[in-house]
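Chains as they are written, first to last, in numbering that gives the first Met the number 0: chain A, 0 to 236; chain B, 0 to 288.
Notes follow the structure.
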Amino acid sequence: MNTTVMALTTRALLGRRRILLLLPMPLVLIGLTLIGVTSGSGSDGWGPLVFGGLGLAVVLPLTALIVGSSVLGLEIDDGTITHLLTKPLPRSEIVLSKLCVAWLVTTVAVGVPLAISALIAGSPALAAGLVAGALLGSLAYTALFLALSLITKRPVAVGLVYIMLWENLLVGFVDGAKVFSVQQHATTFANTIAKSPMLNDTVPVVTAMIIAAVFVAVGTVGATLRLRSFALTGEAT
Amino acid sequence: MPENGNGATGVIHDIGYQRYEGVRLGRGYSARSLFTQSVRGAYGLGRSAWAKVLPIGLLAAASVAALILVVVNTQLPVEVIDYVGMASTFTYAATVFVAVVAPELVSVDLRTNLLSLYLSRPMTRTDYALTKLAALATATFVMLGGPMLILFVGMAFSTDNGIAGVFSEFGGLLQGLLAAAIHAAVLASLALPFASLTGRRVFATGMIIGVTLLTAPISGVLQALGEGAGRQLAGLIDPVSLLNGVDRWLFDGGIFDVGPYGPVYGLGALVIIAVGTSCTLWRYRKVKS
Chain A
0 MNTTVMALTT RALLGRRRIL LLLPMPLVLI GLTLIGVTSG SGSDGWGPLV FGGLGLAVVL
60 PLTALIVGSS VLGLEIDDGT ITHLLTKPLP RSEIVLSKLC VAWLVTTVAV GVPLAISALI
120 AGSPALAAGL VAGALLGSLA YTALFLALSL ITKRPVAVGL VYIMLWENLL VGFVDGAKVF
180 SVQQHATTFA NTIAKSPMLN DTVPVVTAMI IAAVFVAVGT VGATLRLRSF ALTGEAT
Chain B
0 MPENGNGATG VIHDIGYQRY EGVRLGRGYS ARSLFTQSVR GAYGLGRSAW AKVLPIGLLA
60 AASVAALILV VVNTQLPVEV IDYVGMASTF TYAATVFVAV VAPELVSVDL RTNLLSLYLS
120 RPMTRTDYAL TKLAALATAT FVMLGGPMLI LFVGMAFSTD NGIAGVFSEF GGLLQGLLAA
180 AIHAAVLASL ALPFASLTGR RVFATGMIIG VTLLTAPISG VLQALGEGAG RQLAGLIDPV
240 SLLNGVDRWL FDGGIFDVGP YGPVYGLGAL VIIAVGTSCT LWRYRKVKS
């Protein structure tokens, strides 16, 4: 890890107006929880929709997609990656530093509002579980999307197709697709800790952990290898 | 050297420069050219193979789904899904399509300051905005309508009632294409204003998908909490449910229960188209070039 690279990445990511893009999602999450709590109806009705359907299925992947593909993708777009690559740093160190920043930012941006929502709903165990789920999920997601931003010139589009078509559409039809869905890994991990009726996990927790670890390893190693033979090209055509 | 001051002056030689006296192609021509190029660009035609993968892949996936539906529809005694139902079902995939394609159409132009080049032609800012909007809507319409044609061909060949069966399928196809046109117009006018805000495709896609992906659970929660009218009106928040509501109202197809509020959904769709178009026009009046 290189603290200078990390500091620069953090500043590039958070230093400008674009950080505001991450703001609406937590607000919607907390707002919906407030509506649910004040509506007086049981949390069994709206809980799974807010925590599972919105929190872990939308807010987490979307934040991870924007953050994970920006940390390195923006540098490639701007061409500043040349400055980074000409420094005497191992490529693995660059990738790990970038991944670390993306992981931390995503975890904070997702975990904190989720925890607040769960506390509003009156369940500290759920809050702990959701934070753990956000930790694991954002690591797997950001590792994947970081590697994507090096492999393809349109990482957001590819990542989006994965999130919307694989995780949200295909999983509904083909049961086996769940095993390779980070969203299911995060939900499973969260529910192992929270043991809450508001989360529906479907994958055995050991399988989820192993596949998530494989995702992280493949993402990190893949990104490092790709960065070693990285060709500087222009804008995608 | 010409001598100055004592009478002799220099000579300007006529080296044959001529004025252009041919036909000048006007606004219509440039708008049409931009339209065709944009629709082609939306599907990555005339670009690298990687640019084709996603849009063509989505279209291919939808076409394969249509082929499967032909088989299912002909093998089962009842029709599982009709043309309008297909428009409703594929809307979700179409939102992915607009989120990927809309930034391709406008963000790159913004990022590379191409707009000033377009405006050096007879094309005006309004022309540019409307043409891009039309191109996005057309590309989305192809994405939704193409699979319907496959379904129609399959069903027409396997009909039991001879030519009458073909005509009844054709009526269904027309309804489906009308639904597809409405879906395409709404999705395009929803996506393009967001895409035109930023030159970065990352953030453009993020914003568009945020709108569709984030509103779905909100409307889900409101449907779970509300009862009666509240439940039937909650779909207005989420574009996909809104379009399904319009389908239910106009064609009595679709998968979303709107109760007596069908016209409200129709109005909602019109408002989205109107507001989206005027936001795009307003945005392009402000863009520096």
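Each residue gets a CB set at the ideal place from its N, CA and C atoms; glycine is no exception.
Chain-ordered neighbours of residue i on chain B, where CB pairs are closer than 8 Å
i, result
"A/W45", "V220, A223, L224"
"A/S38", "L224"
"A/T151", "W49"
"A/M24", "G209, L213"
"A/V49", "P216, V220"
"A/V27", "L213, I217"
"A/L31", "P216, I217, V220"
Cross-chain neighbours of residue i in chain A, by beta carbon under 9 Å
i, result
"B/R315", "The structure shown does not extend to residue 315 of chain B, since chain B spans only 0 to 288, so no value can be given for it."
"B/A92", "M163, L164, L168"
"B/G244", "Those within 9 Å of B/G244 in chain A number zero; the least Cβ separation is about 19 Å."
"B/L191", "Per Cβ cutoff of 9 Å: no residues; B/L191 is ~16 Å from chain A at best."
Cβ-based neighbour list, residue i, same chain, cut-off 6 Å, excluding 5 preceding and 5 following
i, result
"A/L13", "none"
"A/V130", "G110, A114"
"B/M0", "Note that B/M0 has pLDDT 49, beneath the 50 cutoff, so the model's placement of it is unreliable and no number is given."
"A/L118", "A126"
"A/N190", "L198, D200"
"B/F193", "M206, I207"
"A/P47", "M197"
Burial state of residue i, where buried means 16 or more other Cβ atoms lie within 10 Å
i, result
"B/Q17", "exposed"
"B/T8", "exposed"
"A/K152", "buried"
"B/S47", "exposed"
"A/T32", "buried"
"A/G39", "exposed"
"B/W49", "exposed"
"A/I75", "buried"
"B/L279", "Going by the sequence as given, residue 279 of chain B is Thr instead of Leu. Counting Cβ neighbours within 10 Å, B/T279 comes out buried, since at least 16 surround it."
"B/N112", "exposed"
"A/L71", "buried"
"A/T8", "buried"
"B/S37", "buried"
"B/G21", "exposed"
"B/K131", "buried"
"B/Y19", "exposed"
"A/K97", "buried"
"B/A59", "exposed"
"A/W102", "buried"
"B/F140", "buried"
"B/N160", "exposed"
"B/T35", "exposed"
"B/G26", "Note on identity: in this sequence residue 26 of chain B is Arg, with Gly being the wrong assignment. Exposed, because fewer than 16 other Cβ atoms sit within 10 Å of the Cβ of B/R26."
"B/G244", "buried"
"A/I150", "exposed"
Where residue i meets chain A, residues with beta-carbon distance less than 8 Å
i, result
"B/W204", "Here the sequence assigns Thr to residue 204 of chain B, which means Trp is not the residue at that position. Correct list: V155, A156, L159."
Contacts that residue i makes with chain B (C-beta to C-beta distance below 9 Å)
i, result
"A/G35", "V220, A223, L224"
"A/V173", "None at all; the shortest Cβ gap to chain B is about 13 Å."
"A/L20", "F202, G205, M206, G209"
"A/L231", "Within chain B, no residue comes near A/L231; the closest Cβ sits about 17 Å away, beyond 9 Å."
"A/L61", "G205, I208, G209, L212, L213"
Own chain partners of residue i with C-beta closer than 8 Å, once the 5 adjacent residues on each side are dropped
i, result
"A/L224", "none"
"B/G56", "none"
"A/L231", "G78, I80, T81"
"B/S62", "G145, P146, I149"
"B/K285", "none"
"A/A235", "Its pLDDT being 47, under 50, A/A235 is placed unreliably in this model, and the value from its coordinates should be taken loosely. Answer for A/A235: K152, R153, listed in chain order."
Residues near residue i in its chain [Cβ-Cβ closer than 7 Å; skip 5 each side]
i, result
"A/V178", "V202, T206, I210"
"B/H182", "A86, T90, A93, L143, L242"
"A/L135", "H184, A185, F188, A211"
"B/L266", "none"
"A/A139", "V181, H184, A211, F214, V215"
Chain B residues whose Cβ lies nearer than 7 Å to that of residue i
i, result
"A/G52", "P216, G219"
"A/I65", "V201, G205"
"A/V57", "L212, L213, P216"
Report yes or no: do the stretch 54-74 of chain B and the stretch 141-157 of chain B share at least 3 C-beta pairs separated by less than 8 Å?
Short answer: they touch.
Closer than 7 Å between beta carbons: that is the criterion. Which residues of the stretch 67-96 of chain A meet it against chain B?
With the criterion set as a beta carbon lying under 7 Å from some beta carbon of chain B, the members of the stretch 67-96 of chain A are S68, S69, G72, in sequence order.
Would the stretch 171-180 of chain B count as touching the stretch 73-87 of chain B if we require 3 or more Cβ pairs under 8 Å?
In short, these stretches touch, since the Cβ pair count reaches three.
Give, in chain order, every residue of the stretch 32-58 of chain B whose Cβ lies closer than 7 Å to some Cβ of chain A.
Of all residues in the stretch 32-58 of chain B, R46, S47, W49, A50, L53 have a Cβ within less than 7 Å of some Cβ in chain A.
State whether the stretch 60-73 of chain A contacts the stretch 142-158 of chain A, with contact taken as three or more CB pairs (one from each stretch) at a distance under 8 Å.
Using a Cβ-Cβ distance cut-off of 8 Å, the stretch 60-73 of chain A and the stretch 142-158 of chain A are in contact, since at least three pairs of beta carbons, one from each stretch, lie closer than that value.
Would you call the stretch 222-240 of chain B in contact with the stretch 256-268 of chain B, where contact means no fewer than 3 C-beta pairs closer than 8 Å?
Three or more Cβ pairs closer than 8 Å define a contact, and the stretch 222-240 of chain B meets that threshold against the stretch 256-268 of chain B.
Using Cβ-Cβ distances below 7 Å, what residues of the stretch 13-31 of chain B are close to chain A?
Correct list: empty, as no residue qualifies.
Residues, ordered as in the chain, of the stretch 65-99 of chain B that lie near chain A by beta-carbon distance below 9 Å:
If you check each beta-carbon in the stretch 65-99 of chain B against every beta-carbon of chain A, the ones closer than 9 Å belong to Y91, A92, T94, V95, A98, V99.
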